[in-house]
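Here's the structure, in C-alpha cells; my notes come after.
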Amino acid sequence: MTEPAGQAQGAPLLRVEGVVKRFGGIHAVDGAGFEVAAGSMTALIGPNGAGKTTLFNAITGFARADRGSVRFSGEEVLNLPAYAIARRGMVRTFQITKALEAMPVIDNMMLAAPDQLGERFRNLVFHPRAVRRREREVQAQAMEVLEFFHLAEHADAYAGTLSGGQRKLLELARALMTEPQLLLLDEPMAGINPSLGRRLLEYLQRLRAERGTTILYVEHDMEVVMNHSDLVVVMAEGRTIATGEPQAVREDPAVIDAYLGGAA
Amino acid sequence: MSVGALPLAVTFEAFTDIGFWSGVLVVAGIYAVVTLGLQLNVGFTGIVNFGQAGFMAVGGYSMAILVLEAGLSFWLALPIAVLVTMGFGLLIGLPSLRLRGDYFAIVTLAMAEVVRLVAQNARDLTGGNKGLYCEFEGVNQTCFDDAWRSVSDSMLGFFESFWSDPEPLLPLLIVIWVTVVLGVVALTYLQGTPWGRVLRAVREDEDATRALGKNTLLYKLQSLMISALLGALAGFFLALFLATIHPDDYEPIVTFFAFGVLILGGLANYKGVVVGAILLWTLLEGTRFVELPISEEKTAALRFAIVGAVLIGLMAFRPQGLFGKREEMVLGD
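Protein chains in written order, with this note's numbering: chain F, 614 to 877; chain L, 540 to 872.
What follows is the structure in C-alpha cells.
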C-alpha cells in the first residue's frame, strides 16, 4: 500500500497495544492490539459482544481504559479527554446515530468545524469582525460538504426531520467538517437501505482517494468487509485474534472458530 | 359593588392602580432576571439548574456583608458580590456538571438549601433569622441600601418636577427593567454566535458534541456562571425592594416560581421569559382580589390552585409554552 507523502514508511497512523477495559469482573476488552496504516481502510469485525464498541470507546476517550497504549501519529493519546483526541484528528461516529435533532442540518455541520473564533467570549467581544469572517468561511465549507453528500437541499431543515439513512449521512458529513485524519465509524451501514449503503461506501472510497482520509470501521456485513477493506482485524471475547488481508482472514481457523462458536 | 351579591366576584379597581402595577412589575422584573439564567441553562444548554434561589442569596448576602461588615462602598460591593457568586457557581459546577443531568439538578437544589440554612445559622455574619439591613454604632446608622436610597431619592426629585406624586418604586422599576432588556439583548446575541451553537449542541447530545472536539464541561460551566451572575443581580434587586435580606426570601419556592415563568413563556426563547414573568405575577397578584364567600386563608390557598390549574392547562394544550418552538419540543427526544 502506498503511504501519503511525509508519513514515514511503515509508521502506522494508529497503533493500539494491549488495551484492557474491565467492567467489574468482566473483561470487555482484554488485551486488544492492531495497527492502522495511513490512508488505509481497515475493518474491525467480530461476533456480538466481542468488545468492538468498547474498544472504540477506549481508543477515542469515551471510556477509561485500565491498561494499554494508543498511539496516534506517534503520540500517546490513551485516556486523554474525548474532545482532545477529536481535536488531534481522530474522530468517531456512533453506532446509534447522534444527529442533533432539534438543530438545523446546517448548524449540525457548522458546529463541527475546527478553530472557530466565535466559540470564545474574548473573541466575541474583541474580534467580532474576525468571528463573522470565520463564520462565513465555515458556512461555505459546510454547504460544500453537504453538496458532496446530496444533503444541501435539507440545509435549513431540522436534523430530526431527516430519514434514518440521511441522518447517518449527516453524521458522517459532520465528522468530516472536523477535517479528520482518521475516521472511526461504528457500524456506518447499520439500519440503512442497501442502495443508500452503496452510496455511503462510494462516499468513503472517494474520501480516501480525494482527501487521503484513513478509515477504521466496525461492520457486520461480510460482503462489504471483504470487498472494501485493505486490512481486517478480528476480535473475539475482548481480544484481537487475527489481523490480515480479507482473503487470509476468511480462511483463518481461529476466525472460523470464533464465528461458529467452537462447533469445529 | 352590585356584583358583591354574586358568589364569585373580582374587584377591578386594583388593576387601574399604579401602586399595584409597579409592585407587580418590580417582582416580575426580578423574576425575569432570574429566569433568564434558567432559560440559558435549561432551555439552551440542557442543564437543569434548581439552585437559582441559592445564587440570589449568595449575591444578596455578599453585597450586604461587604457593605455592613467590611465597610465597603455599595457600588464597589456590587461587582465584588457578582464575582463571588460566579466563583460560587464555578465551585458548585466543577464537580457536579460532570454528573448526569438529574444528579446535577439534585446537587443544585441541595446547594441552594445549604446556602439558606447557613444564612439562617451563621448569625454573626448574616444576622440569622433577624436578617440583614442596618448596623448601629452609637447614633450612627449604616444600611446596605443607603447609597441606592440617595440615588432613588434624587431620581424621584427629578420626576417630581413634572409629576406631582411619583410612585416611590419607580426608580427601582426602571433599573430592573433596563437590566431585563439588556439581558435579553445580550443573551439573544450570544445565542446566535458559534458559542451559543455549542451550547445547543450540548443540550441535544453531549457525547456527540465531545466527539466533535468541544470541551463540553467548559461550556456548561460558562452557562452556569452566567446564570449565577443573573441570580446575583436578581438578589440585589430583591434586597433593595424588600429593604432587608432574610433567609425566608430564598426558599426553593423562589426557584420553582422561576420554573413556572420558564414553562409559561416557553423553552428556548428569551422574550418568553419576560412575558411569562409578567403574566405569572399578574396572575398571582391579581388573584388576591378574587372575593369568595370563604375564609381568607382558603382564598390565599385557592390563588395558588388557580395558578396551578393555568399551568397544567398550558402543559396540556400548549406544552411548548407561549413562545417555545414546537419542533424543539417534539424533536428533542
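All residues carry an ideal CB built from backbone N, CA and C; glycine is no exception.
Extent of the continuous alpha helix (DSSP H) to which residue i belongs
{"i": "Glu676 of chain L", "result": "Where Glu676 of chain L is concerned, there is no enclosing alpha helix (DSSP H), although the beta strand (DSSP E) it sits in stretches over 673-676."}
{"i": "Phe647 of chain F", "result": "Unbroken run through Phe647 of chain F is the beta strand (DSSP E), 639-649; no alpha helix (DSSP H)."}
{"i": "Ile672 of chain F", "result": "665-672"}
{"i": "Met595 of chain L", "result": "591-607"}
{"i": "Ser880 of chain F", "result": "The displayed coordinates of chain F run from 614 to 877. Any statement about residue 880 of chain F would go beyond what the structure contains."}
{"i": "Gln754 of chain F", "result": "741-761"}
{"i": "Pro858 of chain L", "result": "Looking at the DSSP string, Pro858 of chain L is not in any alpha helix (DSSP H), and its letter there is neither H nor E."}
{"i": "Asp663 of chain L", "result": "662-665"}
{"i": "Ile792 of chain L", "result": "791-804"}
{"i": "Glu699 of chain L", "result": "685-699"}
{"i": "Trp702 of chain L", "result": "Trp702 of chain L -> no alpha helix (DSSP H), and no H or E assigned at all."}
Three-state secondary structure assigned by DSSP to residue i
{"i": "Leu708 of chain L", "result": "coil"}
{"i": "Ser561 of chain L", "result": "helix"}
{"i": "His767 of chain F", "result": "helix"}
{"i": "Ile715 of chain L", "result": "helix"}
{"i": "Asn924 of chain L", "result": "Nothing can be reported for residue 924 of chain L, as the shown portion of chain L is limited to 540 through 872."}
{"i": "His833 of chain F", "result": "coil"}
{"i": "Thr826 of chain L", "result": "helix"}
{"i": "Gly857 of chain F", "result": "strand"}
{"i": "Pro717 of chain F", "result": "strand"}
{"i": "Asp799 of chain F", "result": "strand"}
{"i": "Gln680 of chain L", "result": "strand"}
{"i": "Leu817 of chain F", "result": "helix"}
{"i": "Leu772 of chain L", "result": "helix"}
{"i": "Val868 of chain F", "result": "helix"}
{"i": "His841 of chain F", "result": "helix"}
{"i": "Pro694 of chain F", "result": "coil"}
{"i": "Asn806 of chain F", "result": "coil"}
{"i": "Gln708 of chain F", "result": "coil"}
{"i": "Arg780 of chain F", "result": "helix"}
{"i": "Leu853 of chain L", "result": "helix"}
{"i": "Lys759 of chain L", "result": "helix"}
{"i": "Thr727 of chain L", "result": "helix"}
{"i": "Lys864 of chain L", "result": "coil"}
{"i": "Gln659 of chain L", "result": "helix"}
{"i": "Gln578 of chain L", "result": "helix"}
{"i": "Thr821 of chain L", "result": "helix"}
{"i": "Tyr727 of chain F", "result": "It should be noted that the sequence gives Pro, not Tyr, for residue 727 of chain F. Coil at Pro727 of chain F, not helix or strand."}
Beta-ladder partner(s) of residue i, from DSSP
{"i": "Thr791 of chain F", "result": "In the DSSP output, where bridge partners are listed per residue, Thr791 of chain F has none listed."}
{"i": "Thr838 of chain L", "result": "The partner list for Thr838 of chain L (beta bridge, DSSP) is empty, contrary to what the question assumes."}
{"i": "Leu781 of chain L", "result": "DSSP output for Leu781 of chain L lists no bridge partner at all."}
{"i": "Leu617 of chain L", "result": "Looking at the DSSP assignment, Leu617 of chain L forms no beta bridge with any residue, so it has no partner."}
{"i": "Met654 of chain F", "result": "F:Ile828"}
{"i": "Val847 of chain F", "result": "F:Ile658, F:Ala855"}
{"i": "Met722 of chain F", "result": "Partner(s): none; Met722 of chain F has no beta bridge."}
{"i": "Arg639 of chain L", "result": "Paired residues: none, contrary to the question."}
Residue i classed as buried or exposed, judged by whether at least 16 other C-beta atoms fall within 10 angstroms
{"i": "Asp663 of chain L", "result": "exposed"}
{"i": "Asp641 of chain L", "result": "exposed"}
{"i": "Thr794 of chain L", "result": "buried"}
{"i": "Lys665 of chain F", "result": "buried"}
{"i": "Gly632 of chain L", "result": "buried"}
{"i": "Trp702 of chain L", "result": "exposed"}
{"i": "Ser906 of chain L", "result": "Residue numbering for chain L in the displayed model covers 540 to 872; residue 906 of chain L lies beyond these limits and cannot be assessed."}
{"i": "His763 of chain F", "result": "exposed"}
{"i": "Thr681 of chain L", "result": "exposed"}
{"i": "Ile604 of chain L", "result": "buried"}
{"i": "Ile715 of chain L", "result": "buried"}
{"i": "Pro707 of chain L", "result": "exposed"}
{"i": "Phe613 of chain L", "result": "buried"}
{"i": "Ala725 of chain L", "result": "exposed"}
{"i": "Met854 of chain L", "result": "exposed"}
{"i": "Asn668 of chain L", "result": "exposed"}
{"i": "Ala844 of chain L", "result": "exposed"}
{"i": "Phe685 of chain F", "result": "buried"}
{"i": "Leu835 of chain L", "result": "Checking the displayed sequence, the identity of residue 835 of chain L turns out to be Glu instead of Leu. Classification for Glu835 of chain L: exposed."}
{"i": "Glu757 of chain F", "result": "exposed"}
{"i": "Gly851 of chain F", "result": "buried"}
Extent of the continuous beta strand (DSSP E) run through residue i
{"i": "Lys634 of chain F", "result": "627-636"}
{"i": "Val704 of chain F", "result": "703-705"}
For the segment 719-735 of chain L, which residues have a CB atom closer than 7 Å to at least one CB atom of chain F, in sequence order?
Listed by position, the residues of the segment 719-735 of chain L near chain F (Cβ gap below 7 Å) are Thr732, Pro733, Trp734.
Output needed in chain order: residues of the segment 718-733 of chain F with a Cβ under 9 Å from some Cβ in chain L.
Taking 9 Å as the Cβ-Cβ cut-off against chain L, the residues of the segment 718-733 of chain F that qualify are Asp720, Asn721, Met723, Leu724, Ala725, Ala726, Pro727, Gln729, Leu730, Gly731, Glu732, Arg733.
Positions along the segment 783-811 of chain F whose CB lies within less than 9 Å of some CB in chain L:
Cβ contacts with chain L come from Glu784, Arg787, Ala788, Met790, Thr791.
Would you list, in chain order, the members of the segment 745-769 of chain L that have their beta-carbon closer than 8 Å to a beta-carbon of chain F?
Cβ contacts with chain F come from Asp746, Ala747, Thr748, Arg749, Ala750, Leu751, Gly752, Lys753, Asn754, Thr755, Gln761.
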